[in-house]
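Asker: Numbering (our numbering), first residue to last: 3 to 311. Ideal Cβ placement from N, Cα and C applies to all residues, glycine included.
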């Protein structure tokens with residue numbers, strides 16, 4: 003039998019208390035809505051700040067053809083030339099080689115930790131991977147400068163070990179933790195019914211992983227790879243210290259290069275605010291922003307295509 007006291011409390015709630023309850027819900031909903039759109043606001047705010055500084059030169063006589071096709075980067079000479087092709091080539095070459103190293107390591111480690119590793123070993127591996135993510139980029143730069151530099155010189159008989167290979171190894175190691183973390187979450191999100199059904203049909207653990215889990219988790223694994231690409235493209239200090247900082251269009255992984263981010267970091271503090279050199283660095287920042295946008299757009303289109311299939 004129902005307690006009449008409960009109905010009395012529900013019906014007898016005062017109008018003031020009801021208004022307070024509704025006001026509290028409205029405030030909570032507003033806060034959640036603001037948090038939801040804050041990322042978009044921040045992205046547009048960053049783009050506005052960078053583009054505002056670049057606009058006077060971008061629309062005031064900068065030769066975009068020279069910027070994108072010339073390798074002559076002499077912003078401080080009496081006849082300044084702003085050719086960023088070598089910087090773009092350096093950025094893309096280091097990132098590409100880093101991903102060739104990081105993707106197999108990162109996704110392989112994610113599969114091993116998620117599906118083949120158990121108990122104490124799994125916990126130790128997860129802690130080690132998290133510690134890799136906690137190492138500051140300047141420390142990675144010192145590792146490239148002090149450790150990898152002489153190793154590359156000895157192994158490949160090259161005069162300088164500060165090159166694409168050095169920077170790519172560091173960027174790969176810096177990208178692996180985020181790939182492992184996101185990749186493991188994507189594999190764990192696959193329903194256990196998929197595993198059980200495959201095992202009931204006699205599939206081995208490797209067959210379950212290769213033919214069931216990886217196809218089911220491909221969207222999450224692709225997101226992990228793209229986050230790693232974003233980590234590599236945007237890295238500054240490690241590549242500044244490990245790639246040789248030489249304006250050069252590379253012919254091999256043993257060539258020294260300079261990236262867009264390293265150029266901005268090295269030169270922005272030494273330029274006069276409002277000068278053409280100052281503004282062309284913001285043009286490079288806008289170009290870097292555009293590159294990352296195209297990477298994310300391509301990923302979104304790929305994911306949409308995968309979902310349709």
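#1: Expressed to the nearest angstrom, what Euclidean distance is found between the alpha-carbon atoms of residue 35 and residue 302?
#2: Can you list, in chain order, the residues of its chain whose CB lies under 8 angstroms from that of residue 70, leaving out five sequence neighbours each side?
#3: Can you tell me which of the three DSSP states residue 11 falls into?
#4: Considering only residues of the same chain and omitting the five flanking positions on each side of residue 279, which have a CB-CB separation below 8 angstroms?
#5: Please name the residue in 109, 60, 26, 25 whose C-alpha comes closest to that of residue 221.
#6: Is it buried or exposed, residue 243, if we count other Cβ atoms within 10 angstroms and call 16 or more buried?
#7: Taking only runs that begin and end inside the segment 212–267, name each unbroken alpha helix (DSSP H) of 4 or more residues, in chain order.
#8: Within the same chain, show all residues whose beta-carbon is closer than 7 angstroms to that of residue 12, passing over the 5 residues directly before and after it, in chain order.
#9: Over what stretch of residues does the alpha helix (DSSP H) that includes residue 36 continue unbroken?
#10: Verify whether the separation of the beta carbon atoms of residue 173 and residue 227 is less than 8 angstroms.
#11: Can you name, in chain order, every residue of its own chain whose Cβ lies under 6 angstroms from the Cβ of residue 100, other than the five neighbours on each side?
#12: So, at 7 angstroms on beta carbons, what are the nonlocal neighbours of residue 96 in its own chain, with the 5 sequence-adjacent residues on each side left out?
#13: Below 6 angstroms CB to CB, which residues in the same chain sit around residue 293 once its five sequence neighbours on both sides are set aside?
#14: For residue 54, count neighbouring Cβ atoms within 10 angstroms of its own Cβ and tell me buried if that reaches 16, exposed if not.
#15: Which residues bound the alpha helix (DSSP H) around residue 272?
#16: Would you check if there are 3 or more beta carbon pairs closer than 8 angstroms linking the segment 136–146 to the segment 202–211?
#17: Below 8 angstroms between beta carbons: does that hold for residue 52 and residue 284?
#18: Beta carbon of residue 182, beta carbon of residue 104: below 8 angstroms?
#19: For residue 257, which option in 37, 159, 191, 287 has the closest C-alpha, if you only look at C-alpha atoms?
#20: Apart from the five residues just before and just after residue 205, which ones in its own chain have a Cβ nearer than 8 angstroms to its Cβ?
#21: Tell me where the alpha helix (DSSP H) around residue 185 begins and ends.
#22: With distances taken Cα to Cα, identify the nearest neighbour of residue 140 among 238, 64, 184, 72.
#23: Is the distance from the Cβ of residue 247 to the Cβ of residue 267 below 8 angstroms?
#24: Mind checking residue 102: buried by the 16 CB within 10 Å criterion, or exposed?
Answerer: Let's see:
#1: Here residue 35 refers to the residue found at position 33 of the chain shown. Here residue 302 refers to the residue found at position 300 of the chain shown. If I take the Cα positions, the gap works out to 23 angstroms.
#2: Here residue 70 refers to the residue found at position 68 of the chain shown. These residues qualify, in order along the chain: 86, 87, 90.
#3: Looking up residue 11 in the chain shown gives position 9. Low per-residue confidence applies at residue 11: pLDDT is 48, beneath 50, and the placement is therefore not dependable, though the value from the model is reported in the following sentence. Note: residue 11 maps to helix in three-state DSSP.
#4: Taking the first residue of the chain shown as 1, we reach residue 279 at position 277. Counting only Cβ-Cβ distances below 8 angstroms, and skipping sequence neighbours, we find 77, 78, 82, 269, 273.
#5: Here residue 221 is taken as the residue at index 219 of the chain shown, counted from 1. Out of 109, 60, 26, 25, 109 has the C-alpha closest to the C-alpha of residue 221.
#6: Position 241 of the chain shown, counted from the first residue, corresponds to residue 243. It counts as buried.
#7: 220–236, 239–244
#8: Your numbering for residue 12 matches position 10 in the chain shown. Below a pLDDT of 50, predicted positions are generally treated as unreliable, and residue 12, at 44, falls in that range; no measurement from the model is reported.
#9: Locating residue 36 in the chain shown gives position 34, where the first residue counts as 1. Residues 17–60.
#10: In the chain shown, the residue the question calls residue 173 occupies position 171. In the chain shown, the residue the question calls residue 227 occupies position 225. No, these two residues do not count as a Cβ contact at 8 angstroms.
#11: Against the chain shown, residue 100 aligns to sequence position 98. So the qualifying residues of the chain are 170, 173, 174, 234.
#12: Taking the first residue of the chain shown as 1, we reach residue 96 at position 94. Closer than 7 angstroms at the Cβ level, and outside the excluded window around residue 96, lie 166, 169, 170, 173, 241, 245, 259, 261.
#13: To locate residue 293, count along the chain shown from 1; it is residue 291. Nothing listed; no residue qualifies.
#14: Along the chain shown, read from residue 1 onward, the residue named residue 54 stands at position 52. Flag for residue 54 reads exposed.
#15: If you number the chain shown from 1, residue 272 lands on position 270. From DSSP, residue 272 is part of no alpha helix (DSSP H); its letter is neither H nor E.
#16: no
#17: Translated into the one-based positions of the chain shown, residue 52 becomes position 50. Translated into the one-based positions of the chain shown, residue 284 becomes position 282. Their beta carbons are under 8 angstroms apart, which means residue 52 touches residue 284 by this criterion.
#18: The residue given as residue 182 occupies position 180 in the chain shown. The residue given as residue 104 occupies position 102 in the chain shown. Not closer than 8 angstroms, so no.
#19: Along the chain shown, one-based indexing puts residue 257 at 255. Of the candidates 37, 159, 191, 287, the one whose C-alpha sits nearest the C-alpha of residue 257 is 159.
#20: For the purposes of this step, residue 205 is taken as the residue at position 203 of the chain shown. Closer than 8 angstroms at Cβ, skipping near neighbours: 213, 214.
#21: As a working mapping, residue 185 is identified with position 183 in the chain shown. Taken as a continuous stretch (DSSP letters only), the alpha helix (DSSP H) holding residue 185 covers 166–190.
#22: Along the chain shown, read from residue 1 onward, the residue named residue 140 stands at position 138. Nearest of 238, 64, 184, 72 to residue 140, Cα basis: 238.
#23: Translated into the one-based positions of the chain shown, residue 247 becomes position 245. Translated into the one-based positions of the chain shown, residue 267 becomes position 265. Their beta carbons are not under 8 angstroms apart, which means residue 247 does not touch residue 267 by this criterion.
#24: Stepping through the chain shown from its first residue, residue 102 is reached at position 100. With fewer than 16 other Cβ atoms within 10 Å, it is exposed.
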